[in-house]
Amino acid sequence: MKTKSVLLPPTEPVRMKPGNTSLASMEPKKRGKISHLETKNPGILQKLMAMGVLPGMPVTLLRRKPSYLFEVDQTRYAVDREIADHIFVSY
Amino acid sequence: MKLPYICSKNDCCCRNTGCDPGTDLPKIVLVGNPNVGKSSLFNSLSESYAVVSNYPGTSVEITRGKGRIGNREYEIIDTPGMYSLHPISEEERVSQRMLFGEKPYVCLHVVDARNLRRMLPFTVQLLEARLPLILVLNMMDEAEDRGIEIDRAKLSRILEVPVFGTVSSEKKGIEELKTAIADFKPSGKVPKIEYGKNIDPRLEEIEKRLEDAGNFGISKRALGLLLLQEDRTAFEKLREKGKEKGCEEKDCFGLQALAEEASKQADCPLTYLIALQRQTYVNGIMEQVMPDTDPGDTEGPGRRKEKSEAAAKKAKPGAKKIGLAENIDSILTHPVLGIPVLFLVLYFGLYRFVGVFAAGTVVDFLENAVFGEHINPWISAQFTALVPYPLLQDLFVGEYGIITQAVTYAIALILPIVGAFFLVFSIIEDTGYLPRLALLVDGMFKKIGLSGRAVIPMVLGFGCSTMATMVTRTLETKRERLISNILLALAIPCSAQLGIILSILSGNPKGLLIWAGVIILEFIFIGYLAAKVLPGKNPTFILELPPLRKPRLSNIAVKTYSRMHWYFLEVLPLFVMASVLIWIGKLTGLFALALKVMEYPTQWIGLPTDAAAVFLFGFFRRDLGAAGLYGMHDSGFLTGVQLVVAAVTLTLFMPCIAQFMMTIKERGLKTALAISGFIFPSAFLAGFIVNTLLDALGVVL
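These protein sequence lines map, in sequence, to chains A and B.
Here my numbering runs 1007 ahead of the position in the first sequence, where the first position is 1.
Here my numbering runs 45 ahead of the position in the second sequence, where the first position is 1.
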């Protein structure tokens, strides 16, 4: 599961609507909106939602390294690559 | 990390976490997301004390205290932070169970005013559960600094619950809140959220089937929602109820089948659908109480800038503060610049302050001048004159006596070092640096099977690994908790030990480097090995970064004091016990025997036989062992190489009894024994290797 999502190219046709990208491949400092969440891993999904990372929220990626650092509404989150791949963003 | 020892009244049974300060008192329960200020509010409302810090997951246990509001007494309950009624981690489940079981007089849902949009769904859940509620918008100052305005009156009208704004750290708004608590009347309104065709009909069905099942502590609708999300506690509750009704089956009400059926039919997890609907409902409320902000606002950057400038103007005094915090933040989290900052913190905070100043200068003064030259000779003389029995003299003022060893070590040696560490640690905690550190090291920690989150218990472990072992509860997987327990027991020296070692080796920089290198290597090696051997996959990392804050002097002082207090009460009895046991051992000859046995491994690692006593002490506590080492160093017994070898072995040695007990509590007896069984030989093996290598290379230190 982990390796699969990591290897997934950012423009994987099945899951992606045009203009959408995963948070991991989002352009830093540009403001976008969360379009949907990957739902295959219920644990990660539940965690993200509970912490307020939900479709429709505005999102800005601040850093890719050393971990993914992003802002949703008024809160900053640090996540690793695996989680960043669960969040999809549209501009 | 609750230290409920400071009680202004003795009647709240201080050490017992399961205690009830007053069974009949009306209960005020504080709930809310992590790091919103529940503990801080608890301290304002009750007479007890809960530790307050700036990172999510400070509280891992429920703290109970008493408080007087108006002319009535209440039991006030602080809970570990939870994100929703549907828990993910163990400490959240603790809070959830408590909410179901306590029948509160009122729940204070504490939210961070800045993040109302994100936290309001939980408020809605609490209302759906029909819990009596007051909504507390905390940290109003920070929200205002960011130009956020909330129409509290309107919010209160919509939700039909009292809504209050507070700044709990400055005790602002507390009096109004207290008045509201005293006058509280629960409202009957339950928000009606439509969850869609996959959920609503099933919810009705569940409510119908549970009609005669009795009271669950939360409303049946809320229970139904949890069941549909296949929450463990909800099913447990059902089974309990079933048993009461004399039904022995697993699925008495047929609801497990119903939930499974529901999730099979939906094309995505029901949790997702429910959360989305709830957020939509909340967005509707937000539009009315905070009309300025639209979450869907994706206009061009130009428009956004205008807006943020307007907001900045509104919040002029705060804007500057935020700008500075932003700049510091971007250095702390920088992949390259973050590392030197970490080393600066370690060098000044740990080495200069704890190691050189506290463990060197202060301890030297207290131990040698105050106790060595004044107090102890005086007490010895008085005692010898008063009690003419050599046997008792030996127990109290002999070489390992209660006063000459236990009390002297505890007060003159351990206390200043531990105090210095906790002072530094409190400052670091309150700034919000720890979550940044977690972000910085996540990549490296993944190699040893941990997520960046584990850095918090690891750093705390440098203070007291017993406390740290307790905090590993905030880690998400069992595997991660186990690995961090092993590493805490094995390679993380506690502050007392660390301070002494830093001070002994401070005159010997090469030796210090070798010692640090060996410990770090062992830490990485064992972590790597554990990650390889233990089944399961690596944890994922997600952490909320709280804003950087200026530490508050009063909070640091209280926190440092309360931790020193806790630590002192923890070590002194054990030190005294060690003195007594050694005394008995000496009378019976067992002490000499044990020393003889310990002499073998001591000799294998190239140390003089006298050092055996140090390791024997180490069985009681690592810091007592270190204290013994300090004594040997003081009298110039050991060569440089021997000091390094002894320091390495002692650092890797058995954890103290307190930590062992805590590991049993967290991981079970078998695991705790296995960890210890591994540590004992491996510590001596590492000492042996270091000694052999240094010897072979002809190193002189």
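Virtual Cβ for every residue (Gly too), placed ideally from N, Cα, C.
These figures come from a predicted structure and were not determined experimentally.
Pick helix, strand or coil for GLY210(B), following the three-state DSSP scheme.
Taking the first residue of the second sequence as 1, we reach residue 210(B) at position 165. Of the three classes helix, strand and coil, the one that applies to GLY210(B) here is strand, per DSSP.
List the residues of chain B that VAL1066(A) touches, going by C-beta distances under 7 angstroms, in chain order.
On the first sequence, position 59 is the one that residue 1066(A) refers to. Under the 7 angstroms cutoff, chain B gives no residues; its nearest Cβ is about 10 angstroms from VAL1066(A).
Counting Cβ pairs, one atom from each stretch, are 3 or more of them under 8 angstroms apart for the segment 462 to 469 of chain B and the segment 504 to 520 of chain B?
yes
Output the distance between the C-alpha atoms of LEU303(B) and LEU273(B), rounded to the nearest integer angstrom.
Taking the first residue of the second sequence as position 1, residue 303(B) is located at position 258. Taking the first residue of the second sequence as position 1, residue 273(B) is located at position 228. Those two C-alpha atoms are separated by around 8 angstroms.
Which residues, in order along the segment 475 to 502 of chain B, keep a beta-carbon less than 9 angstroms from a beta-carbon of chain A?
PRO480, ARG481, ALA483, LEU484, LEU485, VAL486, ASP487, GLY488, MET489, LYS491, SER496 and GLY497
May I ask you to list the residues that DSSP assigns as paired with ILE1039(A)?
To locate residue 1039(A), count along the first sequence from 1; it is residue 32. Per the sequence shown, residue 1039(A) should be read as Gly rather than Ile. For GLY1039(A), which the question treats as bridged, DSSP gives the partners VAL1066(A).
Taking the straight line between their C-alpha atoms, what separation do you get for ASN78(B) and LEU632(B)?
Working through the second sequence from its first residue, we reach residue 78(B) at position 33. Working through the second sequence from its first residue, we reach residue 632(B) at position 587. Straight-line Cα distance between these residues: approximately 57 angstroms.
Pair every Cβ in the segment 486 to 497 of chain B with every Cβ in the segment 685 to 702 of chain B, then say whether three or more of these pairs are closer than 8 angstroms.
no
List the residues of chain A whose Cβ lies closer than 7 angstroms to the Cβ of ARG163(B), in chain order.
Position 118 of the second sequence, counted from the start, is the residue given in the question as residue 163(B). Correct list: GLY1059, ASP1080 and THR1082.
Between ASP1087(A) and chain B, is there a C-beta pair that is closer than 9 angstroms?
Working through the first sequence from its first residue, we reach residue 1087(A) at position 80. At least one chain B Cβ lies under 9 angstroms of ASP1087(A).
Please say whether VAL452(B) and TYR675(B) have beta carbons closer to each other than 9 angstroms?
Position 630 of the second sequence, counting from 1, holds the residue named residue 675(B). Position 407 of the second sequence, counting from 1, holds the residue named residue 452(B). No, these two residues do not count as a Cβ contact at 9 angstroms.
By DSSP's criteria, ALA1085(A) is part of a beta bridge. Which residues make up the other side?
On the first sequence, residue 1085(A) is found 78 positions in, with the first residue counted as 1. According to DSSP, which records beta bridges pairwise, ALA1085(A) is partnered with LEU1076(A) and LEU588(B).
Give the DSSP-derived three-state secondary structure of ILE709(B) in the structure shown.
In the second sequence, counting from the first residue as 1, residue 709(B) sits at position 664. ILE709(B): helix per DSSP, three-state reduction.
Quick one: is SER1074(A) near chain B, going by C-beta distance under 9 angstroms?
Numbered from 1 along the first sequence, position 67 holds the residue referred to as residue 1074(A). It does: the Cβ of SER1074(A) has a partner Cβ on chain B nearer than 9 angstroms.
So with Cβ pairs under 9 angstroms, would you call PHE586(B) a contact of chain C?
Chain labels in this structure do not include chain C; the protein chains are A and B.
Give every residue of the same chain whose Cβ lies closer than 6 angstroms to the Cβ of ILE376(B), excluding the five residues on either side of it in the sequence, and list them in chain order.
Reading the second sequence from its first residue, position 331 is the one you call residue 376(B). The residues are LEU382.
Please determine whether the Cβ atom of TYR606(B) lies at a distance below 8 angstroms from any heavy atom of the ligand MG.
Absent from the structure shown: the ligand MG. Ligands present: none.
THR325(B) versus HIS678(B), LYS237(B), GLU281(B) and TYR396(B), residue with shortest Cα-Cα distance:
Position 280 of the second sequence, counted from the start, is the residue given in the question as residue 325(B). Looking at the Cα atoms, LYS237(B) is the closest of the given residues.
How big is the Cα-Cα spacing for PRO101(B) and GLU589(B)?
Numbered from 1 along the second sequence, position 56 holds the residue referred to as residue 101(B). Numbered from 1 along the second sequence, position 544 holds the residue referred to as residue 589(B). Cα to Cα, PRO101(B) sits roughly 7 angstroms from GLU589(B).
Cut-off 7 angstroms between Cβ atoms - residues of its own chain near THR343(B), not counting five sequence neighbours on either side:
Looking up residue 343(B) in the second sequence gives position 298. Low per-residue confidence applies at THR343(B): pLDDT is 43, beneath 50, and the placement is therefore not dependable, though the value from the model is reported in the following sentence. Excluding residues within five positions, none has a Cβ falling inside 7 angstroms.
Ends of the alpha helix (DSSP H) at HIS610(B)?
In the second sequence, residue 610(B) corresponds to position 565, counting from 1. Looking at the DSSP string, the run of the alpha helix (DSSP H) that includes HIS610(B) is 598 to 633.
Quick one, which residues of the segment 362 to 380 of chain B are near chain A if we go by CB-CB under 9 angstroms, in chain order?
ASP374, SER375, THR378, HIS379 and PRO380
Using only the alpha-carbon positions, how far apart do VAL390(B) and ALA658(B) sit?
Here the question's residue 390(B) lines up with position 345 in the second sequence. Here the question's residue 658(B) lines up with position 613 in the second sequence. Distance between the alpha carbons of VAL390(B) and ALA658(B) is about 35 angstroms.
Contacting residues, own chain, Cβ-Cβ under 7 angstroms from GLY146(B) (five flanking each side not counted):
Working through the second sequence from its first residue, we reach residue 146(B) at position 101. Contacts found: GLY262.
For TYR612(B), count neighbouring C-beta atoms within 10 Å of its own C-beta (all shown protein chains included) and say buried if the count is 16 or more, exposed if not.
Residue numbering aside, residue 612(B) sits at position 567 when the second sequence is read from its first letter. So TYR612(B) ends up on the buried side.
Please tell me whether ASP123(B) and GLY115(B) are closer than 9 angstroms, where the distance is taken between their beta carbons.
Taking the first residue of the second sequence as position 1, residue 123(B) is located at position 78. Taking the first residue of the second sequence as position 1, residue 115(B) is located at position 70. Not a contact, by the Cβ cut-off of 9 angstroms.
Less than 6 angstroms between C-beta atoms, sequence neighbours within five positions excluded: which residues of the same chain meet that for ASN243(B)?
Numbered from its first residue, the second sequence carries residue 243(B) at position 198. Same-chain partners within the cutoff: ALA311.
So which residues on chain A does VAL129(B) lean against when the C-beta distance must stay under 7 angstroms?
For the purposes of this step, residue 129(B) is taken as the residue at position 84 of the second sequence. A small fix is needed here, since residue 129(B) is Ser in this sequence, not Val. By Cβ distance, chain A contributes ALA1057.
Would DSSP call ILE424(B) helix, strand or coil?
Within the second sequence, numbered from 1, the residue matching residue 424(B) stands at position 379. Three-state DSSP puts ILE424(B) in a helix.
Does THR1046(A) come within less than 9 angstroms of chain B when only Cβ atoms are used?
On the first sequence, residue 1046(A) is found 39 positions in, with the first residue counted as 1. Judged by the 9 angstroms Cβ criterion, THR1046(A) is in contact with chain B.
Go ahead and label ARG247(B) buried or exposed: buried means 16 or more other beta carbons lie within 10 angstroms of its beta carbon, across all protein chains shown.
Locating residue 247(B) in the second sequence gives position 202, where the first residue counts as 1. The residue is buried, with at least 16 neighbouring Cβ atoms inside 10 Å.
Where does THR316(B) land, buried or exposed, given buried means 16+ other C-beta within 10 angstroms?
Translated into the one-based positions of the second sequence, residue 316(B) becomes position 271. Classification of THR316(B): buried, given that the 10 Å Cβ count is 16 or more.
Along the chain, where does the beta strand (DSSP E) that runs through ASN1027(A) open and close?
Here residue 1027(A) corresponds to residue number 20 of the first sequence, with the count starting at 1. Taken as a continuous stretch (DSSP letters only), the beta strand (DSSP E) holding ASN1027(A) covers 1027 to 1029.
Taking any Cβ of chain A, which residues in the segment 146 to 161 of chain B have a Cβ under 8 angstroms from it, in chain order?
ARG159 and ASN160
So, at 8 angstroms on beta carbons, what are the nonlocal neighbours of PRO580(B) in its own chain, with the 5 sequence-adjacent residues on each side left out?
Position 535 of the second sequence, counting from 1, holds the residue named residue 580(B). ARG524, listed in sequence order.
Would you mind giving the Cβ-Cβ distance between THR517(B) and GLU711(B), rounded to the nearest angstrom? I have them listed as a contact below 8 angstroms.
In the second sequence, counting from the first residue as 1, residue 517(B) sits at position 472. In the second sequence, counting from the first residue as 1, residue 711(B) sits at position 666. Correct: roughly 7 angstroms between the Cβ atoms.
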